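Just add 317 to wherever you are in the sequence shown, counting from 1, and you've got my numbering.
The C-beta atom is built at its ideal place from N, Cα and C for all residues, glycine as well.
As the structure is a computational prediction, the values presented were derived from the model and not from experiment.
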Amino acid sequence: MSLTKGDAILDVDSIPVTTVTDLSNIISVTLVIEQPNDPMATAYVRLALMAQKSVEMDLPLAPDVIDICQYEYNRMKQNPDLKPHKSILKSSNDKPRPINLRIHVSEKTEDVPIACEDNPALLMKVPTAPDKQQYSSSSDSPKQ
Numbered sequence: 318m319s320l321t322k323g324d325a326i327l328d329v330d331s332i333p334v335t336t337v338t339d340l341s342n343i344i345s346v347t348l349v350i351e352q353p354n355d356p357m358a359t360a361y362v363r364l365a366l367m368a369q370k371s372v373e374m375d376l377p378l379a380p381d382v383i384d385i386c387q388y389e390y391n392r393m394k395q396n397p398d399l400k401p402h403k404s405i406l407k408s409s410n411d412k413p414r415p416i417n418l419r420i421h422v423s424e425k426t427e428d429v430p431i432a433c434e435d436n437p438a439l440l441m442k443v444p445t446a447p448d449k450q451q452y453s454s455s456s457d458s459p460k461q
């Protein structure tokens with residue numbers, strides 16, 4: 318048996334393998350291999366292997382956010398029993414809100430699913446909008 322491009326080594330001696338380094342540290346092994354069984358699956362694996370594998374950057378917070386957080390941290394540390402000025406929960410003493418200030422859900426609301434595809438090779442281009450000249454106005458047509 319031989320390995321071909323697109324084969325994924327999932328398991329080595331009953332130990333899951335997730336990185337090339339894990340696999341490199343093992344010298345003599347028995348393998349569990351998953352092979353793509355059709356050209357589309359092979360293309361999908363090849364595409365996944367070509368994907369950029371850079372580590373995402375952990376960007377720092379903006380300086381103003383750090384200042385605000387530090388200020389709030391110090392304020393709460395100075396007064397650990399700090400209570401809110403007003404509760405966000407409704408109490409029994411609250412009068413009911415007028416109808417025009419309540420949340421309304423439109424009856425015309427509808428869910429529109431957004432299709433997606435993991436494989437960029439299977440994505441289809443969005444057709445271009447037709448030219449305005451393709452359609453003629455009814456006022457331009459000769460009257461009979």
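Range of the contiguous beta strand (DSSP E) that encloses residue i
{"i": "Ala-325", "result": "325 to 329"}
Residue i - containing alpha helix (DSSP H), residue span
{"i": "Ser-341", "result": "337 to 341"}
{"i": "Lys-322", "result": "Looking at the DSSP string, Lys-322 is not in any alpha helix (DSSP H), and its letter there is neither H nor E."}
{"i": "Asp-381", "result": "380 to 395"}
{"i": "Arg-363", "result": "356 to 367"}
Residue of the options minimising C-alpha distance to residue i
{"i": "Ala-438", "options": "Ser-404, Met-367 and His-402", "result": "Met-367"}
Contact under 8 Å by Cβ, residue i with residue j
{"i": "Lys-322", "j": "Arg-363", "result": "yes"}
{"i": "Glu-351", "j": "Leu-378", "result": "no"}
{"i": "Asn-436", "j": "Tyr-361", "result": "yes"}
Beta-carbon contacts of residue i that lie in its chain and below 6 Å, excluding the five residues immediately before and after
{"i": "Val-331", "result": "According to the sequence provided, residue 331 is Ser. The question's Val does not apply to it. Result list for Ser-331: empty, nothing under 6 Å."}
{"i": "Ile-383", "result": "none"}
Close beta carbons around residue i, own chain, < 7 Å, minus the five adjacent residues each side
{"i": "Pro-353", "result": "Gly-323, Thr-359 and Val-362"}
Nonlocal neighbours in the same chain, by C-beta distance under 8 Å from residue i, ignoring five residues either side
{"i": "Leu-340", "result": "Ile-326, Val-329 and Val-334"}
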